[in-house]
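Comments concern the structure below.
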Amino acid sequence: MGSPQPPPLAHVFRGTFVHSSRSQPMEILHEHLLGVDDSGTIVFLEQSDQQEQLAKKWGFRTSDIRELSNYEFFMPGMVDTHIHAPQYSFTGTRVDLPLLQWLTTYTFPTEAKYKDSDFAEEVYTRVVRRTLKNGTTTACYFATIYTDTSLLLAEILDKFGQRAFVGKVCMDVNDSVPQYKEITADSVQETERFVKELLEKKYPRVQPIITPRFGPSCTEDLLHALGNLAQAHDLHVQSHISENEEEVKVVENMFPAYQNYTELYDKNKLLTSKTVMAHACHLSEEELKLFSLRGAAISHCPSSNFSLCSGILNVQMVLKHDVKLGLGTALGLDDVIGNFEVGKEFDALLINTKASDSPFDLFSADNFEDTVQKFLYLGDDRNISEVYVAGKQVVPFSSSV
Ligand code: GUN
Ligand code: FE
């Protein structure tokens, strides 16, 4: 008797796979076969000449193989480490003020509208669809201070199949827009409810994240309580830090007992190996050392920094201090996603470099690496024909969502 057959595979693809590995920033694997099991896990990635042995071992037929054309390839899904779902309604507008004035003039009044679940449902559905269609398979979201509509965002994410962290925003200081702030005790209690109710839903790929907005929006009591909560439940943490100079001064004045902004988070147990802090343009070398010591990550947001004239992150300096850095990435999911290693979940984009309405042109002198680069620099959702999260095809959208 032979060994028992494994359960049928969800997908077998044959063609080109582009990803990065520890040893190679860009690895292009032509003529390969990739298999995904029904839990969404990659079970093999081997050269196509291994087809016969793989077919025997995994029990698939030639007709089960999806063959890519020679102008298509798979690449890993994209990870957005910092996105504000409620701000999607005004994305692309209102970038004429510096950070603190931008927050009080546009952002807080808009976020206050998310108490209304109909409004929240519309915008949250659109931001999840739009980001998925553009190839974001994982995103780390800020919602608003409202627990119920933050839970609604999580429900929408689960329905559309995007992998995500969702944070109910916590803020108990807001002198300019006082209707958009919480009482300290309520903020903590509501965060506990948010975490509990979200975990009870048992969504497979949507997790809660503790989200103090940033230093100027929080009292020390709130930061302290949120740090304890994060520690007690071993949760991820996200916030903003040192985005612009005015903000850094406000924090210095509000919290004179702390050496610097990073220490404010650190002493309140909010700077851990599960923390991602956005912007970080104006951190000192001493602060970067503390980030590195704690294993906390920075989310680099160059587009926002440019639009609001907030500052420029010195990426070389961040890397010199061995601090984890991601573009809006590095969420600590690197043992689950990020490339096509066997054992990881299949989060992937099928790229068609010759889509009929492709925004770039290919010429005979272009080699495959040029083609990949053209997609990375010039391509967009017109080139993304399919999106997969954990082996499930989430774009094109299914008729049931
Ligand atoms: N700092 C605190 N809140 C925000 C926000 O919503 N956007 C940006 N860019 N910075 C912040
Ligand atoms: Fe932000």
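Quick note, the sequence shown lines up with residues 224 to 624 if you use this note's numbering. Ideal Cβ placement from N, Cα and C applies to all residues, glycine included.
Annotation for Lys-472: the continuous alpha helix (DSSP H) segment containing it runs 468-477. When C-alpha distances from Leu-513 are compared across Ala-501, Cys-524, His-502 and Asn-483, the shortest belongs to Asn-483.
Sequence-distant Cβ neighbours of Gln-430 in its own chain, meaning closer than 6 Å and more than five residues away, are Phe-388. Per DSSP, the unbroken beta strand (DSSP E) holding Phe-296 starts and ends at 295-299.
Taking the Cβ of Phe-365 as the reference point, at least one heavy atom of the ligand FE falls within a distance shorter than 7 Å.
Here DSSP, grouped into helix, strand and coil, assigns Met-540 to helix. Secondary structure of Glu-250 (DSSP, three-state): strand. A Cβ-Cβ contact shorter than 8 Å links Ala-377 with Lys-424. Inside the stretch 357-432, DSSP marks whole beta strand (DSSP E) runs of 3 or more residues at positions 359-365 and 386-390, from first to last along the chain.
In the three-state reduction of the DSSP assignment, Thr-442 falls in the coil class. Scanning its chain for C-beta atoms nearer than 7 Å, with the 5 sequence neighbours on each side dropped, one finds around Val-471 the residues Ser-465, Tyr-484 and His-505, in chain order. Going by C-alpha positions, Ile-574 is about 5 Å away from Ile-607. By the neighbour-count definition (other C-beta atoms within 10 Å, threshold 16), Val-538 is an exposed residue. Under the three-state reduction of DSSP output, Glu-269 falls in the strand class. Taking a C-beta distance under 8 Å as the contact criterion, Tyr-403 and Ile-379 do not qualify as a contact pair.
The shortest CA-to-CA distance from Tyr-364 to any of Thr-316, Val-546 and Pro-435 is the one to Pro-435. Pairing Gly-384 with Leu-572 gives a Cβ-Cβ distance that is not under 8 Å.
The ligand FE has a heavy atom closer than 7 Å to the beta-carbon of His-305.
In the DSSP assignment, Asn-575 falls within the unbroken beta strand (DSSP E) covering 571-575.
The Cβ atoms of Leu-252 and Arg-237 lie no closer than 8 Å to each other. A straight line joining the alpha-carbon of Ser-579 with that of Gly-358 spans about 18 Å.
Measuring C-alpha to C-alpha distances from Ser-246 to each of Val-618, Glu-564 and Gly-614 identifies Glu-564 as the nearest. Here Tyr-611 carries a strand assignment [DSSP, helix/strand/coil].
Within the stretch 296-346, the alpha helix (DSSP H) runs of at least 4 residues that lie entirely inside it are, in chain order, 322-325 and 331-334. Phe-236: member of the beta strand (DSSP E) spanning 234-242, first to last residue.
Inter-residue distance for Ala-503 and Val-411 is about 25 Å (C-alpha atoms, whole angstroms).
Short of 8 Å from the beta carbon of Val-610, and not among the five residues preceding or following it, lie these beta carbons of its own chain, in chain order: Gly-300, Leu-355, Lys-356, Gly-358, Thr-360, Ala-571, Leu-572, Leu-573, Gln-616, Val-617 and Val-618. Separation of Pro-479 and Gly-534 (C-alpha to C-alpha, rounded to the nearest whole angstrom) is 23 Å. Short of 7 Å from the beta carbon of Arg-416, and not among the five residues preceding or following it, lie these beta carbons of its own chain, in chain order: Thr-370. With 16 or more other CB atoms across the displayed protein chains lying within 10 angstroms of its CB, Glu-295 is buried. DSSP, reduced to helix, strand and coil, places His-505 outside both helices and strands of the structure shown, so it counts as coil. Taking 7 Å as the cut-off, the C-beta of His-463 counts as close to a heavy atom of the ligand FE.
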